Every structure is written in structure tokens, then in C-alpha cells.
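Residue numbers (this note's numbering), protein chains in the order written: chain A, 1 to 476; chain B, 1 to 621.
The beta carbon of each residue, even a glycine, is placed where N, CA and C say it ideally should be.
Source: prediction; values computed, not measured.
Below you'll find the structure, written out as C-alpha cells, and then a few comments.
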Amino acid sequence: MAQLFPWLLPQASSVAPGIDFVYWLITVVCVAFFLGVAFFLGLFVFRYRQGTKVNRVLPHHEGIALEMVWTIIPLIIALGLFLVSTVVYFQTVRAPKDATEIFVVGKQWMWKIQHPNGRWEMNEIHVPVGHPVKLTMISEDVIHDFGLPSFRLNMDVVPGKYTQTWFNPTRVGRYHIFCAQFCGTNHAIMGGYVTVMEPDDFEKWMQTGNVRATTASEGERLFRDNGCTGCHGPNSNVRAPSLNGVFGKYRPVQVPGDAAWSPTLPATMVKADYRYLHDAIWTPAKEVAGGYKPIMPSFAGRLNEEQVLQIIDYIKTLQSSSGTSNGSAEGYAPGPGTVQSGNAIGLSSIGDARSGRLYGGSPTGDMSNGIDREATLDEPFSVGRPGDAATGRLYGGSPTGDMANGRDRENIFHGGGAVSSMGTTDRSAGGLRNQNQDRRGGLNVYNSDNYIKSQVKDITGGLKSQSPAGAASDQY
Amino acid sequence: MLNTPNDRPEAATGGSIGPDGPMEAPGQSTIAMAANGALVADPGDGIRREKPYDPLTAMGVPQETYLNNDFSWKSWVYTLDHKRIGMMYLVLLSVMFTLGGVAASMVRYNLIEPQGMLGAEAYNRWFSAHGIIMVFFFLVPSIPASLGNFLVPMMIGTKDVAFPKLNLLSFYLYAFGACLGLAAIIMGGVDTGWTFYAPLSSTYSNGMVVWAIAGVFLAGFSSILTGLNFIVTIHKMRAPGMTWFRMPLFMWSIYATSLIQVLGTPVVAITLLLLVIEKGFGVGIFDPKLNGDPVLFQHMFWFYSHPAVYIMILPGMAVVSEIIACFSRKPIYGYKFVAFSSLAIAVFGFLVWGHHMFVSSESPYAGMVFSLISFLVAIPSAVKVFNWTATLYKGSIRLTTPMLYALAFIGLFTIGGLTGLHLAALATDVYLHDTYFVIAHFHYVMVGGAISAYMAGLHFWWPKMTGKMYNDAWGKVAALILFIGFNLTFFPQFLLGMWGMHRRYHAYPPDMQFLNIMSTAGATVLALGFILPGFYLSWSLKYGEQASDNPFGATGLEWQTSSPPPLTNFDMVPIVVTGPYAYDAVESERIYEKEEAITREVRERILAAEAERPQKERTVV
Chain A
1 MAQLFPWLLP QASSVAPGID FVYWLITVVC VAFFLGVAFF LGLFVFRYRQ
51 GTKVNRVLPH HEGIALEMVW TIIPLIIALG LFLVSTVVYF QTVRAPKDAT
101 EIFVVGKQWM WKIQHPNGRW EMNEIHVPVG HPVKLTMISE DVIHDFGLPS
151 FRLNMDVVPG KYTQTWFNPT RVGRYHIFCA QFCGTNHAIM GGYVTVMEPD
201 DFEKWMQTGN VRATTASEGE RLFRDNGCTG CHGPNSNVRA PSLNGVFGKY
251 RPVQVPGDAA WSPTLPATMV KADYRYLHDA IWTPAKEVAG GYKPIMPSFA
301 GRLNEEQVLQ IIDYIKTLQS SSGTSNGSAE GYAPGPGTVQ SGNAIGLSSI
351 GDARSGRLYG GSPTGDMSNG IDREATLDEP FSVGRPGDAA TGRLYGGSPT
401 GDMANGRDRE NIFHGGGAVS SMGTTDRSAG GLRNQNQDRR GGLNVYNSDN
451 YIKSQVKDIT GGLKSQSPAG AASDQY
Chain B
1 MLNTPNDRPE AATGGSIGPD GPMEAPGQST IAMAANGALV ADPGDGIRRE
51 KPYDPLTAMG VPQETYLNND FSWKSWVYTL DHKRIGMMYL VLLSVMFTLG
101 GVAASMVRYN LIEPQGMLGA EAYNRWFSAH GIIMVFFFLV PSIPASLGNF
151 LVPMMIGTKD VAFPKLNLLS FYLYAFGACL GLAAIIMGGV DTGWTFYAPL
201 SSTYSNGMVV WAIAGVFLAG FSSILTGLNF IVTIHKMRAP GMTWFRMPLF
251 MWSIYATSLI QVLGTPVVAI TLLLLVIEKG FGVGIFDPKL NGDPVLFQHM
301 FWFYSHPAVY IMILPGMAVV SEIIACFSRK PIYGYKFVAF SSLAIAVFGF
351 LVWGHHMFVS SESPYAGMVF SLISFLVAIP SAVKVFNWTA TLYKGSIRLT
401 TPMLYALAFI GLFTIGGLTG LHLAALATDV YLHDTYFVIA HFHYVMVGGA
451 ISAYMAGLHF WWPKMTGKMY NDAWGKVAAL ILFIGFNLTF FPQFLLGMWG
501 MHRRYHAYPP DMQFLNIMST AGATVLALGF ILPGFYLSWS LKYGEQASDN
551 PFGATGLEWQ TSSPPPLTNF DMVPIVVTGP YAYDAVESER IYEKEEAITR
601 EVRERILAAE AERPQKERTV V
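Structure, rendered in C-alpha cells:
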């Protein structure tokens, strides 16, 4: 379809052809219906206008048969369209099992993205082509919506609640992210790009930049620094539930509701998923783990959403038998893990290994992961300087995502900022030619951004071949 | 004039247009059809009576009407007359429509350039003002409060609504609410959009949200009271012989609208009140930082606001049914199907709110159910369109201004309704959610549908309401301009939506500039199309020729009284003996031919006389 009609959006994800099929199916039905109605309207108005000599004798003004025909036929068509659409939707709504999980935190007015290996990005997501990516998203303030028209994707990003969506990019290129849900003043420029790369390029990209710590190991640090180990740690005297292997399991909780908590409250089973763990950190009194007193303090305001995500990711790694809790009534099994690791909660190596395995194609095993990274960091600019233009700050040695955020925000507000400067084909292909395109200044995030044309296949060519911009474009 | 339900003769069995109805019978009964709403003194002898002899009329004293019986300002401010209240609504609605249109112009002006001409802050306030004014202060009250207030008692043959004081209260609630809404906009504006999504509106917005919400809250109560009034009026005050199936289809749609208003509006009122409580007192209801749930707000908001769409479009369908029947000189095809489809839309309309939330972390299975019901709601709308089209078959069609608007309504509403299928389907809604496709879709329904119908109704009943005729040629020109301007404005937005231009963007990728400029150009034409009727309708008030009682030859009780109607609507209690659409295309065609023949004859004689004149010159004056 995209080849036939170059002005249509490219179909850049695995679900796009299916959704476009539904779209055009419905459109064809609509056009047929509209032309039918318009034809008869026009015919009747012309033929039976006042003064024409035609037979106007009509014995009936109501016909059950005709009414049934034009009730039931549209009904069948509508149900058919519903079925097709729903089948396609349910084929595409669930993320594949092997999808890589990327965290997205939306806030006014930027997207913060964290890769599983701990790499942060602002308003940019780099992904390898052909590998499904699952986005776990939360907002820090108002409702946003992660919109990716080229992937036929929209998903709300809601504060206080994780939402998930996924995509499997099928074409190399750069695709525009939009915020679809009105989120305040700079809603229109809350955007960014998904850069789909060849797996090899992606591997190179992934091993450069500010890889500081994995999400999980960062979560471990937070877990320790915020005193979580004091109760949930292995040597604690406080009676608190074990977090060992809790993720994804059903656990009994007591829901006080409006009433005061009492030990006799009935327990309900709740799955310890992202939602539950998030709420357990922010509003622990809402659902109290069964058999424990509601003594956990709320961490709302002390941790931001990214940190909560990191802690949950850390809790997810506690699937092995290493004990993290003490004094717990159930689930406490002082297994060999405690002995083995010596450092009961120091599972960062596992976290690293996890990240190394992600994206499938990595040849590096668990142990070699760290070494690879070392090697890359030794010669950080050898992979292609132009990549720097696209992902600017990532080389730049800013060790924390937060500081970079501040800078990006500045840039967004002063125009020619993070989004626009990262957006151009020309810059990522080696030139800084369009630097002065921001003629109007101000919030002209789209100024240097040739929207449709920028989604060209060889945008990552800069990484490989330093090909000029002209050669890279015009595949449509 | 008292019209208690008990003194009504038992209604004849059978519907209005059943096979035993007089309209089927040939011969003299054909003439008798015109007697719908014949006065008591005129029991169906087939000839539309002149008014009873009135010495004052004979002496040239103008007949007393609801407009000229009192000219003091108090007589307007304290009036309990439904017609005057309807006229006051009409004036205030016109003001609100103008203001909302100005805001729309600013929105389109901003989008000329990809960077935006106004900047984010100003743009957000303009589009919010446009949405709030147009939805809450224009579209929801538009047809029911102005035309409905004027016509509901007249169409069922009574002298006023059931609760005249409540009616006046509802007008003042609306007026006060509109003032609050305008105050919010003047004092700094609202930057949340008309949807007021929490927690943006409750915690993060720096606009005058509370004022705007207070205005919407009051306007909502106005809407509830109007709906309540109409329901009671329709149930209890119908004229003798006016059975349910002898009511014009206008009444059925207004009845369905009123049901939605009474059942749905309290929900949005409570929702907005909760929002104010959260904003003002920090009670956590919607903001997750206060342990609230932002998705709850969307559920409660759309539980009203989707049916509210039907509050806007059902009265439009009401108007179009009347006009199509009148100007094709035929009874509406499938009266009962059209009537019940209105009720079906009202019922289904309450069950589809979740289709606004397919991507709001709603469960896919809930989404599936909402999608299914959303597809089903298309069926009654389709049935209406088919019936209107079938009504034109073998009619005697006059393309007057109201008819042009009505035909435009059918075409544009069909496009708007069909593109709703894209948004009811789960797979495509995930793609098109919150893009300009949605904007185009609902403007086709709201502007192409509801406002076209509003204009149609205004032109149709203008002679009855004001007693003056407007210039039909100007009306046709304006209708044509509106049609062109509308399509030029909103059709490109379908393409913009497919390209991924999202709603409420003050800046957009430059590749989309061409379509946006097209849209803005169309909006300019559209504005011209709305300014024109403002001029020629106002002009007609002073200089227009006096309208006859029934200039369009319509049936329906409101046409059986004088134009403008007397204070009590009817000189005598009308007794209804036939159905609402006693039109006959064959008969009207015969009359038309006769009139044409006479006209031709007269013209020929005049020409002949002219030709003879030189010969007889100066002999006779």
C-alpha cells in the first residue's frame, strides 16, 4: 500500500498492515454506503423536483420488508466489520513473550526512556529492527498518550498506574512520537523519535553512551539507600513480607478500605505485578500484605516514578532463592542463595546478565557483558561520530539521566532544542547544515523536521557509512 | 383553553399513517388530509379556515401576537411565555455561537503556520474556549432550547409547557452559566480543553477552571430543567386526539433528547463538582497523588458526554424529519421506524461511552463490548437516513433554503456517522485516537449535522417565529457557501489525522501545512456562510415582508395558527384527527401545475396587453 500511495504513512511495525487492512476495509464500506445514499438523494431530488412530469402515485408510505432489509443488511455489515476489527485487535494487543521491556516515564513535556541495561534517553528510543519491544509506561503528572502513527499505535500514559503497549518495528528509520493526550501548555512539542536500527548498529549503539548501571542494580542501590533493607532485608528484625520471588505471584492482601486496619480483615488474592508493587510503595496502607501489620511508610514524594520503576525492576530480579526477608511467616526459606551470594541482595550481576541477553542477537554471554562494555568505553568515539548528533548527550558523559533532563527541558523551551536538533536527516548523516533553520525561534520544534521524509530508511547510515543525506532519503 | 388530559376524547386506534388513514383514500379525502389540526369550529370539512371574523382585523388593527401584546422590558424579563423564552434563547445562543466561532477562527488562524501564530498558551486557551462555548453553551441547548421551546407546545396543540416558571428559571440558569463561562475566558481563559481531564484540570492547570466548571454546572441544570419540562409536557399536555403516533417526528426526537438530558446531565454535574472539590479542598478523587483515579474521571465524564452528542444530533434529526416531509410533500417513510430509532439511539447512547477510552488503560475485553455497542448504534442512524431518502421517492420536491440545509444534513451526517465506524473499531481507533480524524469526524456530525439542522430549522420556522419572510435567494446562496466552506474546512482533516496530526497541537510538522492552510481557507468561507444569514435574517425583521400563516404549506399544528402566534398559541383548542404528515405529492403537483398554468396565462395576457398598447396608445390610461 505504501508503495502505491507514497503520501500515506509508512507501515513501520508488525501490526500496521493488519490495522491498515481494517482501516481500508471500513473506508471502502463507508464510501460505498455514502455513494449509495448520495446517488439516491441526487436521483430523487432531480427526478421528483417540483414540475417534472413523472408518476408520483405511491400506494404505501411504510414497508416492513424494506425497513427490515435496510436494518438487517447494515447490521450484518456492522457486525462483520466489528468481528474483523476485533480479531485484528486481539491479535495485536498482547505483547509477545520475548519482547524487550523498556520503561517510559512521561512528564510535562518530555518522554524519559530507560533501556533494560540502564541506559537513559530523552525523547528518543533506539530499538533494533525486527525485535518486539514492550513499553511499560507511567506518567509523573498528568495523563499523556504515547502516540506513534507510523506504528499505528496510541496508548495513554496515566499517572499512578502502569500501562503497557508494544511494537515490533519492521523497517529501519526514524519515526515521530507524538503526545496524543492534551497535557498542558507544550503538549504539541512533547514528542520525540523512535530510531529503528539494524541489529548490528543497535548493538554498537547500545554499548556506547552513558551506560551507568542497570535498572535493577540502580534499583538495588535505591532499595538500600531508602532503608528498604531495614525491614525487607535478610537480617532484619522487623517482621515484613519477603520480596523474594514475589513478582508475578498471587499473594493474600488485606484491604482496609475506609475502615481501620485490623488483623481479622478478610484477605483477597492479588497479583504482585507492577501495579501492586507501585501501590505498595506509594500507598502501602491500601492493600496490606496478609499477615503483616500496616507499618510500612509511604514513599510517595520521596521516590519519583523512575525510581519506583527501578526498585520494582530490582524486585523482579529477586526470583532466585536468595532470601531478602527476615521474620516472615510464610515464604521464608533460608535457601542456599543466601549462602552462595554472600551478599543477599547484591544481585547486580544477574541484572547485568539480563540486560546482556536482551535483544536476542547479542553474542555475549552473561559474563562477558561487562567486558564488552569496558572495551567500548575505552574508545567511545570509534563507532561513528555522527551518531553523536542524533543522540547527543548520550556520549556526553552526563552520568545521570536527571541532569540531562534538565538540559533537554531548557532546550525545548528555547527552541532549536532537543527534539528539533535530533530530528534531521542531515545532521545525523554528518552535517550540521540545518543549524540555522530555526528562523522563527521559539517553540518551533518541527521547524527543522521534515516530518514524513525524515522517516527514511538509511538514517542510521551515518553510523555505518557516513553517506550523505541526499542518498539516504527518497525511498518513497 | 385548559387542556387537561381528561377532557381529551379517546384517541382513535391505529397510527397516523396506517392503511385506514384518510390519506390513503382517494377523492375528497385527499383534500381532507390538509385538515390536520383543524379547529373545533372547523371539523374536517377540508378547507383551511380563515380566522374567525374579527372586527379589529377588519379595521386594520394588527392582530395581537406574542410579540406585540406588550413592549415593556419587564414583559420580556419576567415572561413565562414559552415563545418569548425560546426567542430569548435564540438571541443568547446566537451570541454564544458568534463567540465560539471567533474562538474557532483563532484556532484556524494559529494553524496557518507550522510553528503556530499565537503560541502555545494563547492557542490552548482559544481552543478550550471554542470547545466549552460550542459544546456546553451552544450545541447542547441549541435546538431544544430555542426551537424546542417555541415549538413543543405548539406542535402538540397546547398553550405552554407544563412548568412555565421552571422554563424561565432554566433560561436564567443558562444565561448565568454562560456569563460565568465567559467570565472564565475573559479573566484568563481555561487551558484544559472542554473535556477537563483530571489531574490536568484539578492540579496542573493554571486557567480559570473553577469558573468555567461553575458555568457548565449551571448550564447543565438548565438543560435538565428543559428536558424535564418537555417530558412532562409531552406526556400530559397533548391536545385532544393527539396520540403518540400522531405526534410529529420532531416531538419523538425531542422526547428522546429530553430523556438523555434528564438522565445524563446530573452525572456530568456531579463529576465536575467532584473536580472542584478536589481542586479546592484537596480531596483525592481523580488525582493519583491524592489516591484518586484519573481514569474514573474519564468514565464519569464520558458517561454524560457521549450521550450529550446525541443531545446535539437528535434534535437535528427532529428538524430534518419535518423539513424533508414538508418540501417533498410526502409523509415520512416509515414513521414508526424513525420514531423508535430516536429512542434506540437514546438508549444505546448510554452504553457506548467506553469507546472514548480504548487506549486509556481500559481492559481489551471491556473495549470489545463498547466497540460492539458502538457499531450497533450506527444502525438506527442508518435507518433514519434510509427513511429520509426513501421519503423523497415520488415526492414533489421544492429546493427551498430549509430543504437545502436538510439535504446537506443528510449527506454530511452520513459522512460523519460512517467515519464513526473507524473510531468504533478497536483496531483502527488505536491508530486514529485523538488525531484530526476524530476532529473531522465529530465536526461532520456536529457542524455538518447539528448546525446544518439548526440553520434548516431556523429558516423553516423563522416566518412562524417572527412573522417575517427572509429572502430565499440569499438563503440558498448562504447554504451553498456553508456547504462548500464546511467541506473545505473539515475534509482535509481526515487526511491530517491519517498522517498522525494529533489534536490540540499549536505546532505541527511542516509537511502538514498545505492541508492546514486548506482547512483555514475553508474556515474563512464557512465564517462568511454564517455571517450572511445573520445579516439577511436581521434585515428581514425590519424590512422583510409579512409572512402568511403557512408560507410553506406545511401540516402540523404550529402552522394552523397565525404568524407570529397569538399569546395563547391557538384561538381554540385544536382537535387532532389525522396523522402529522398529511401531505400528498400528487395533489400538490396538481395544484402546482394549475398555479403555473394560471401564472403562464396571466403573463401571456400581460404580454398581449403590452403588445396591444401601442395601438391603443393614449386612448385609455
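Residue i to residue j span [Cα, whole Å]
| i | j | result |
| --- | --- | --- |
| B:Thr401 | B:Trp462 | 11 Å |
| B:Thr466 | B:Ser540 | 9 Å |
| B:Pro153 | B:Arg238 | 8 Å |
| B:Lys384 | A:Leu303 | 56 Å |
| A:Arg357 | A:Ala289 | Model confidence at A:Arg357 stands at a pLDDT of 34, short of 50, so the residue's coordinates are unreliable and nothing is read from them. |
| A:Ala267 | A:Lys249 | 15 Å |
| A:Ile177 | B:Thr555 | 57 Å |
| B:Tyr109 | B:Ile531 | 18 Å |
| B:Gly420 | B:Tyr66 | 43 Å |
| B:Tyr304 | B:Thr192 | 18 Å |
| A:Gln307 | B:Phe409 | 54 Å |
| A:Phe299 | A:Ala280 | 9 Å |
| A:Thr376 | A:Gln207 | A caution first: A:Thr376 carries a pLDDT of 36, below 50, which makes its placement in the model unreliable, though a value can still be read off. Rounded to whole angstroms, A:Thr376 to A:Gln207 spans 6 Å at the Cα level. |
| B:Ser105 | A:Val246 | 57 Å |
| B:Thr568 | B:Pro315 | 24 Å |
| B:Ala622 | B:Phe136 | With chain B represented from 1 up to 621, any question about residue 622 of chain B goes unanswered, as that position is not in the structure. |
Where residue i meets chain A, residues with beta-carbon distance less than 8 Å
| i | result |
| --- | --- |
| B:Leu428 | Before going on, a small fix: residue 428 of chain B reads as Thr here, not Leu. By Cβ distance, chain A contributes Ile19, Val22, Tyr23, Ile26 and Ser85. |
| B:His443 | Within chain A, no residue comes near B:His443; the closest Cβ sits about 16 Å away, beyond 8 Å. |
| B:His355 | What B:His355 touches in chain A: nothing, since even the nearest Cβ is about 12 Å away. |
Per-residue contacts from residue i into chain B (C-beta, under 8 Å)
| i | result |
| --- | --- |
| A:Tyr48 | Ser328, Leu392, Tyr393, Lys394, Gly395, Ser396, Ile397 and Ala585 |
| A:Gln181 | Tyr197 and Asp434 |
Cut-off 8 Å between Cβ atoms - residues of its own chain near residue i, not counting five sequence neighbours on either side
| i | result |
| --- | --- |
| B:Asn6 | Caution applies to B:Asn6, whose pLDDT of 37 falls short of 50 and renders its modelled position unreliable; the model cannot decide the point. |
| B:Val107 | Tyr123, Trp126, Phe127 and His130 |
| B:Met155 | Met247, Pro248, Phe250, Met251, Gly556, Leu557 and Glu558 |
| B:Leu80 | Asp160, Pro164, Lys165, Asn167 and Leu168 |
Neighbourhood of residue i by C-beta distance below 7 Å, restricted to the same chain and skipping five residues each side
| i | result |
| --- | --- |
| B:Val525 | Ile481, Ile484, Gly485 and Leu488 |
| A:Arg47 | Val54 |
| B:Tyr365 | none |
| B:Ala120 | His506 |
| A:Val84 | Val22 and Leu25 |
| A:Gly18 | Val88, Gln91 and Thr92 |
| B:Pro492 | Leu515, Met518 and Ser519 |
Partners in chain A for residue i, counting only beta-carbon separations shorter than 7 Å
| i | result |
| --- | --- |
| B:Phe337 | Glu67 |
| B:Phe386 | Trp70 |
| B:Leu418 | Cys30, Phe33 and Phe34 |
Cβ shell of residue i (< 6 Å), same chain only, five flanking positions each side left out
| i | result |
| --- | --- |
| B:Pro533 | Ala478 |
| A:Phe223 | Ile311 and Tyr314 |
| A:His144 | Gly106, Val157, Cys179, Gln181 and Cys183 |
Heavy atom of the ligand ADP within 7 Å of residue i beta-carbon
| i | result |
| --- | --- |
| A:Phe223 | Among the components of this structure there are no ligands whatsoever, and the ligand ADP is therefore not found. |
Endpoints, beta strand (DSSP E) assigned at residue i
| i | result |
| --- | --- |
| A:Trp111 | Met110 to Gln114 |
| A:Ser13 | Here A:Ser13 belongs to no beta strand (DSSP E), and DSSP marks it neither H nor E. |
| A:His144 | His144 to Leu148 |
Proximal chain B residues relative to residue i, where beta-carbon distance stays under 7 Å
| i | result |
| --- | --- |
| A:Asn186 | Ala120 |
| A:Leu303 | What A:Leu303 touches in chain B: nothing, since even the nearest Cβ is about 13 Å away. |
Span of the alpha helix (DSSP H), counted from its first residue to its last, around residue i
| i | result |
| --- | --- |
| A:Lys316 | Glu305 to Thr317 |
Chain-ordered neighbours of residue i on chain B, where CB pairs are closer than 9 Å
| i | result |
| --- | --- |
| A:Pro263 | Going along chain B, no residue has its Cβ under 9 Å from A:Pro263, so there is no contact; the nearest lies around 23 Å. |
| A:Lys161 | Pro288, Asp293, Pro294, Val295 and Ser361 |
Minimum Cβ-Cβ distance from residue i to chain D less than 8 Å
| i | result |
| --- | --- |
| A:His232 | This model lacks chain D altogether, as its protein chains are A and B. |
- Message: Under 8 Å, CB to CB, which of the residues in the region 489-513 of chain B have a partner in chain A?
- Response: Met498, Trp499, Gly500, His502, Arg503, Arg504, Tyr505, His506, Ala507, Tyr508, Pro509, Pro510, Asp511 and Met512
- Query: Given a limit of 8 Å on CB to CB distance, which residues of the region 103-137 of chain A reach chain B?
  - Reply: Gln108
- Given a limit of 7 Å on CB to CB distance, which residues of the region 571-595 of chain B reach chain A? Ala585, Val586, Glu589 and Tyr592
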